[in-house]
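There are 2 protein chains.
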Amino acid sequence: MSATELNERAQLLLKNLVERYIRDGQPVGSRTLSRESTMEISPATIRNVMADLEELGFIHAPHTSAGRIPTIRGYRLFVDSLLTIKPLNKSVISALQQQIGCNEDPDKLLASASRHLSEVTSMAGVVMLPRREQVSLRQVEFLPLSHNRVLVILVVNEREVQNRIIQTQRNYSAAELQQIANYLNQLCAGHDLRRVRQTLLNEMDDTRSSMNQLMADAIQMAQQAFTEEEQNGDYLLAGQTNLMSYEEMGNLDKLRKLFDAFNRKRDILRLLDQSLHADGVQIFIGEESGYEVLDECSVVASPYKVDGEVIGVLGVIGPTRMAYDRVIPLVDVTAQLLGATLNQIK
Amino acid sequence: MSATELNERAQLLLKNLVERYIRDGQPVGSRTLSRESTMEISPATIRNVMADLEELGFIHAPHTSAGRIPTIRGYRLFVDSLLTIKPLNKSVISALQQQIGCNEDPDKLLASASRHLSEVTSMAGVVMLPRREQVSLRQVEFLPLSHNRVLVILVVNEREVQNRIIQTQRNYSAAELQQIANYLNQLCAGHDLRRVRQTLLNEMDDTRSSMNQLMADAIQMAQQAFTEEEQNGDYLLAGQTNLMSYEEMGNLDKLRKLFDAFNRKRDILRLLDQSLHADGVQIFIGEESGYEVLDECSVVASPYKVDGEVIGVLGVIGPTRMAYDRVIPLVDVTAQLLGATLNQIK
DNA sequence: TATTAGCACTCGATTTGGGTGAGTGCTAAT
DNA sequence: ATTAGCACTCACCCAAATCGAGTGCTAATA
């Protein structure tokens, strides 16, 4: 049932059919294909070949007297072995580079990447927020709030600022908090956040009896502060509304479910996670993704790297019937550009 | 042309008509209205009254042989003087209170408010981010980055953390930056950000010749850091997808334009701004808003206060044909709850 | 004078049915 | 193995027919 069972002609035919269908969205008939195709075969012969292709599950006819459209399997074979990737125009690349690269702020950079992905593809662009295995703590700062609460500011990975509010046992003065911060900064600066947590646990045992109460409090407090929020990742999405223009999305109910999934984030994140440890562009066609809401969509995704380490995934989401030959290199180059730019401004 | 020109009966009729139309979305005919209405009037009489109402522009017939539907003017009269507000169930209020009030973090609180607005109304919920006139600086911190850039962390309004990256003339050491921060903290802490900017400008003149270069740099740097980003406000939106269920939104193109407006934010913000200086719930019906994308929507909005000062607006966006009698009190109470909760956790 | 019953009429919505055309599968000829 | 020929299928389009909810107007009524 694999491509090897198809002779050259059948493959070429399938390729033409998919290309044609992607181009204008109409079921493709034998006559059209005969005219279109470079090789000269009569419609009748093509019909025979198409019957075979249908039997093998690569194409199917929406109804008796219509042409054929590719099935998921058909698309899969197409992208795996038939597709000829369109090399990107240099000018397109440099344009992307300029528009994405002009960002100082990493957050804005990511947002701009997703926006541009959506713009150049006319589909939805998604960029997973970077998630480093190692989160090194640079500095920590405590500020007292009312009601025994403390505002904690963490600077991690050299330049990212996080803040959270923790509840404390008693009221601390600004001076005390300063002391605590100093202690922790000295103890932890430059180390991985997870390791820091471990260090603190050990420290705690050592300290309990010997050291002064304040340091014990500090550790307690840091414990609270460093407990990572249950943050299973997040992403930036742009151009969802582009998807409303595709007639294959005409079904409002389905579209709504898709948008709800975007808001829920969980499913999309799981899917993107699958590309996190893959190398290069990955493609999920229709129901291949395993998520029902995506069964009429394809996702083209690629990991992006900083320092040679994969830290995130970006991609586009659009109808199964998309111009893979253009989208794939676009996603690819955007991932590389994003990685490179992140490296630069690091 | 005002309500005063309408006798009691006509008003009651209009009220019934609007209520009925809001309930099931079909043009309302004289027969239905005659059966529905408490008063016993024959369809023929009702037809006469309806003809008057139509002439005055309160209702109109989509076509000759259909019933009538309210016009914008009709809705306006309805919400202004005919509507009987449904008093909220105590249990609904306390449920809202619980769900919204259990948030420590102001950001999460706002998000939760918009989410709950959307849930209880089955429409889109929107909460403008608080915008205080006065932004008092609590602390500033500088951290050196590579390439002559500096990460600035500002803590304002006691507990909100902002960060930005600025470009400097030369490379500063951590120690130098610490000195600069100390100087600025001492000079500025507790003051309004705008005033600080002004102070710095004056300081600059004084300093230029006399004080050491570092302080001059500090002021230069602070200048850069305190220049507020062009931030015309922002909002949190939840439940957009709810809008996809209303058949009056069936037009995909229009829906897309609406969603695009949500993303663009500008128009919606301008509209919400109008409620910023109003007292209590405001209602914009259809094209009254002045924004074309909203011409089939109504917006019910209310300002919310902290310390008696209005700092933001929240509301819902839905089809013109919405249950105003339920939505209005819901928006009202949510605004009050949000204000109260913000006050508490301040 | 205000209300109502009666009636002809309007017009959107739905159904019906024929015609068209793109496409098919099968068969027989090449 | 390929192709021409042919009967057949079926979505799509259009026009006509039907239906029914609702109207405005007029004349009768309280």
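So the sequence lines, in the order shown, correspond to chains A and B. Going by the numbering used here, the first residue of the first sequence is number 118, and it counts up by one from there. Going by the numbering used here, the first residue of the second sequence is number 118, and it counts up by one from there. Don't be surprised by glycine CBs; every beta carbon is placed ideally from N, CA and C. Predicted, not measured: the structure shown is a model, and the values here were computed from it.
Considering only C-alpha positions, which residue in the set A:I428, A:P436 and A:V398 is nearest to A:P446? A:V398
Interface flag, B:Q295 vs chain A, CB-CB below 8 Å: It does not: the Cβ of B:Q295 has no partner Cβ on chain A nearer than 8 Å.
N- and C-terminal bounds of the alpha helix (DSSP H) containing B:F259: It is not in any alpha helix (DSSP H) - B:F259 instead sits in the beta strand (DSSP E) that spans L254 to P261.
Can you check whether the CB of A:M439 is closer than 8 Å to the CB of A:Y352? no
Where do the ends of the alpha helix (DSSP H) carrying A:A457 lie? Y441 to Q461
Would DSSP call B:N124 helix, strand or coil? DSSP places B:N124 outside both helix and strand once states are collapsed to three, so it counts as coil.
Span of the beta strand (DSSP E), counted from its first residue to its last, around B:V196: No beta strand (DSSP E) contains B:V196, which DSSP labels as neither H nor E.
Taking 6 Å as the limit between beta carbons, can you name the residues of its chain near B:S147, skipping five residues before and five after? P160, I163 and R164
At least 3 beta-carbon pairs within less than 8 Å: the stretch 403 to 420 of chain A vs the stretch 379 to 389 of chain B: Contact fails between the stretch 403 to 420 of chain A and the stretch 379 to 389 of chain B, because fewer than three Cβ pairs, one in each stretch, are under 8 Å apart.
Using only alpha-carbon positions, find the residue among A:I210, A:G307 and A:P223 that is nearest to A:L254. A:G307
Run the CB neighbour count on A:C432, radius 10 Å, all protein chains shown included, and call it buried at 16 or more, exposed below. Rather than Cys, the amino acid found at residue 432 of chain A in this sequence is Gly. Under the 10 Å beta carbon count, A:G432 is surrounded by 16 or more other beta carbons and is classified as buried.
Can you give me the Cβ contacts of A:I176 inside the same chain, cut-off strictly under 8 Å, excluding the 5 residues immediately before and after it? L131, L134, M167, L170, R185, I186, P187, T188 and G191
If you drop the 5 nearest sequence neighbours on each side, which residues of the same chain put their C-beta closer than 7 Å to that of A:F401? Around A:F401: L388, S415 and V416.
State yes or no: is the C-beta of B:G425 within less than 8 Å of the C-beta of B:R248? no
If you draw a straight line from the C-alpha of A:P179 to the C-alpha of A:G403, how long is it? For A:P179 and A:G403, the distance between alpha carbons rounds to 17 Å.
Would you mind working out which of A:T238, A:V427, A:D384 and A:E236 sits nearest A:H394, comparing C-alpha positions? A:V427
Which residues in the same chain as A:A228 place their Cβ atom closer than 6 Å to its Cβ, once the five residues preceding and following it in sequence are excluded? L353
Specify, as a first and last residue, the run of the alpha helix (DSSP H) that B:S100 falls within. Given that chain B is displayed from residue 118 to residue 463, the structure contains no residue 100 of chain B and the question cannot be resolved.
In the DSSP output, which residue or residues are listed as bridge partners for B:L268? Residue pairing by DSSP places B:L268 opposite B:L260 and B:I282 in a beta bridge.
Could you tell me which residues DSSP pairs with B:E277 in its beta bridges? In the DSSP output, where bridge partners are listed per residue, B:E277 has B:V273.
B:A241 to B:P436, Cα distance in whole Å? 10 Å
Contact set between B:I270 and chain A, taken where Cβ atoms lie within less than 7 Å: I270 and V278
So with Cβ pairs under 8 Å, would you call A:D384 a contact of chain B? no
What are the boundary residues of the alpha helix (DSSP H) that includes A:Q399? Here A:Q399 belongs to no alpha helix (DSSP H); instead the beta strand (DSSP E) covers Q399 to I402.
Does DSSP put B:L354 in a helix, a strand or coil? strand
So that I know if they touch, is there some Cβ in chain A lying closer than 8 Å to that of B:I282? yes
With distance defined between alpha-carbon atoms, name the residue in A:L226, A:V145, A:R311 and A:F376 nearest to A:L459. A:L226
Give the secondary structure of B:K132 by DSSP, where H, G and I count as helix, E and B as strand, and everything else as coil. helix
In whole angstroms, what is the alpha-carbon distance linking A:V196 and A:K203? 13 Å
Could you pull the start and end residues of the alpha helix (DSSP H) that A:L294 belongs to? A291 to C305
State yes or no: is the beta carbon of B:P373 nearer than 8 Å to at least one beta carbon in chain A? For the sequence presented, residue 373 of chain B should be read as Arg rather than Pro. Closer than 8 Å to some Cβ of chain A, the Cβ of B:R373 qualifies, so yes.
Below 6 Å CB to CB, which residues in the same chain sit around B:R232 once its five sequence neighbours on both sides are set aside? A355
Who are A:D309's beta bridge partners in DSSP? In DSSP, A:D309 forms a bridge with A:S253.
Closest to A:H264 by C-alpha separation, out of B:R276, B:Q214 and B:D377, would be which residue? Considering only alpha carbons, the answer is B:R276.
At a CB distance below 9 Å, what residues from the stretch 241 to 261 of chain A approach chain B? Give them in sequence order. R255, Q256, E258 and L260
If A:Q279 sits next to A:L271, beta carbons under 8 Å apart, how far is it from one beta carbon to the other, in whole angstroms? A:Q279 to A:L271, Cβ: 5 Å. Contact.
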